[in-house]
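Novice: Residue 3 is where the sequence shown starts when you use the working numbering, and the numbers rise one by one after that. Just so you know, even glycine gets a beta-carbon here, dropped at the ideal spot from N, CA and C. All values derive from a computational prediction rather than experimental measurement. Dumping the structure here so I can ask a few things about it.
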Amino acid sequence: MGSLSDQARRCLLTVHAHPDDESSKGPATVARYHAAGVRTVLVCCTGGEAGDILNPAMDRPEVRADLAAIRRRELEAAVEVIGYDELVWLGYRDSGMPGTPANADPRCFAQADLGEAVGRLVAVLRRERPQVVVTYPEDQRGYPHPDHLRVHEVTMAAVEAAADPEAYPEAGRPWQVAKVYASGFSGRRVLALHEKFLELGLESPFDERWLERARTPQPPPTTQVDVRAFSLVRREALLAHRTQVDPTSRWWFGLPPEVEAEAYPVDEYWLLRVAPGWTAPLPAPLGPGPVEDDLFAGVGTEEDPICSGAAPKATAPSGTGPRGHRNG
3 MGSLSDQARR CLLTVHAHPD DESSKGPATV ARYHAAGVRT VLVCCTGGEA GDILNPAMDR
63 PEVRADLAAI RRRELEAAVE VIGYDELVWL GYRDSGMPGT PANADPRCFA QADLGEAVGR
123 LVAVLRRERP QVVVTYPEDQ RGYPHPDHLR VHEVTMAAVE AAADPEAYPE AGRPWQVAKV
183 YASGFSGRRV LALHEKFLEL GLESPFDERW LERARTPQPP PTTQVDVRAF SLVRREALLA
243 HRTQVDPTSR WWFGLPPEVE AEAYPVDEYW LLRVAPGWTA PLPAPLGPGP VEDDLFAGVG
303 TEEDPICSGA APKATAPSGT GPRGHRNG
């Protein structure tokens with residue numbers, strides 16, 4: 003197993019596709035763990051160069067001409083709001099949507115050599131040594147952006163490779179991630195917020211297409227993290243992305259903050275993978291246990307050293323990476 007310092011030093015690492023994704027998917031969870039002393043690391047795979055400007059007030063020629071640099075600064079501002087300790091740029095271009103010129107660019111994430119992309123993330127995993135990694139689900143039918151699909155593919159492959167002493171030996175000493183989760187929004191969340199809009203006499207941003215998806219049976223989340231005390235983080239982080247988020251949007255800001263916090267006070271996750279040899283109870287629906295309320299549940303127990311996130315004895319030295327912003 004790894005050193006005692008490896009086991010005691012908790013680290014949460016999230017992998018996102020573009021600047022702004024980190025602010026819409028689980029930012030309050032990250033803020034909660036950061037406040038509790040957990041090291042928090044964000045890997046952003048692309049620069050968001052192909053994104054549209056979704057805030058009419060920012061749709062100006064000088065903004066469009068400098069969009070990549072502006073989105074980089076927006077992400078850095080959001081990182082400060084959320085409380086990430088480290089921002090790592092994986093170094094790829096935004097892939098845009100299928101059929102667009104951006105999607106054919108050989109520098110984009112979707113066109114990148116899979117082995118190379120996995121290797122970049124393996125190096126980050128081995129440097130940061132997270133026990134918990136959060137990525138995207140495999141099922142992206144609601145928004146099949148090539149970069150979102152690639153995030154799942156690359157993350158899952160990198161987690162497996164990071165623990166293999168024969169894979170990417172130049173990327174650092176092996177590390178076994180204990181748990182991998184997908185972030186997302188359940189249909190139950192959508193319906194709860196929709197009902198709250200109607201209850202207050204407000205127009206709901208959820209159209210029939212959204213409601214139909216919300217009512218379709220889906221695997222329930224395995225993990226719900228109470229983020230009531232950090233409910234404003236998502237709003238403030240989203241507002242840092244001025245090119246991507248319209249401050250008048252009903253979708254993001256249609257409910258009063260205190261109402262939204264009470265209507266659905268949890269972030270939701272689906273457990274995708276546990277380390278080989280895991281013996282701690284698994285949450286429902288993967289196991290007989292109840293829904294978890296902590297991403298680190300079962301991690302680092304004395305009874306089950308594999309839960310520490312440490313790699314097997316022969317492949318698990320200690321080591322951490324320095325602070326600050328990085329390229330992958």
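Tell me which residues share the same chain as E140 and place their Cβ nearer than 7 angstroms to its Cβ, disregarding the 5 neighbours each side in the sequence.
Specialist: H154, listed in sequence order.
Novice: With a threshold of 7 angstroms (Cβ to nearest heavy atom), would G93 be considered close to the ligand FMN?
Specialist: With respect to the ligand FMN, the structure shown offers nothing to examine, as it has no ligands at all.
Novice: Between S25 and A80, how many whole angstroms is the CB-CB distance? I'm expecting something under 8 angstroms.
Specialist: Between A80 and S25 the Cβ distance is about 5 angstroms, and since that is below 8 angstroms, they are a contact.
Novice: Going by beta carbon distance, what residues of the same chain come within less than 8 angstroms of L200, once the five residues before and after it are set aside?
Specialist: Closer than 8 angstroms at Cβ, skipping near neighbours: S206.
Novice: Select from E214, R190, L234, P290 the residue whose C-alpha is nearest the C-alpha of A33.
Specialist: Of the candidates E214, R190, L234, P290, the one whose C-alpha sits nearest the C-alpha of A33 is L234.
Novice: Identify the continuous alpha helix (DSSP H) that holds R41 and give its terminal residues.
Specialist: Element bounds for R41: not the alpha helix (DSSP H) but the beta strand (DSSP E), 41-48.
Novice: If you draw a straight line from the C-alpha of G28 to the C-alpha of E262, how long is it?
Specialist: Whole-angstrom Cα-Cα distance: 15 angstroms.
Novice: Say whether the stretch 244-258 touches the stretch 56-70, bearing in mind that this needs 3 or more beta-carbon pairs closer than 8 angstroms, one atom from each stretch.
Specialist: With the cut-off at 8 angstroms, the stretch 244-258 and the stretch 56-70 touch.
Novice: Entirely within the stretch 84-109 and at least 4 residues each: give me those alpha helix (DSSP H) ranges in chain order.
Specialist: Runs of the alpha helix (DSSP H) inside the stretch 84-109: 103-106.
Novice: If we ignore side chains and look at the alpha-carbon of each, how far apart do G256 and T48 end up?
Specialist: Looking at the two C-alpha atoms, the distance is approximately 29 angstroms.
Novice: Alpha carbons only, please: which of A52, L123, P287, R211 is nearest the one belonging to P176?
Specialist: The candidate whose alpha carbon is nearest that of P176 is L123.
Novice: Pick helix, strand or coil for P29, following the three-state DSSP scheme.
Specialist: Helix, per DSSP.
Novice: Do K181 and V301 have their beta-carbon atoms positioned less than 8 angstroms apart in this structure?
Specialist: Result yes, Cβ atoms of V301 and K181 sit closer than 8 angstroms.
Novice: Below 8 angstroms on the Cβ atoms is my contact criterion, and I expect S185 with Y271 to pass it. Report the Cβ-Cβ distance as a whole number of Å.
Specialist: The pair is a contact, with the Cβ atoms about 6 angstroms apart (cut-off 8 angstroms).
Novice: For the alpha helix (DSSP H) that A119 lies in, which residues bound it at each end?
Specialist: First-last of the alpha helix (DSSP H) with A119: 116-130.
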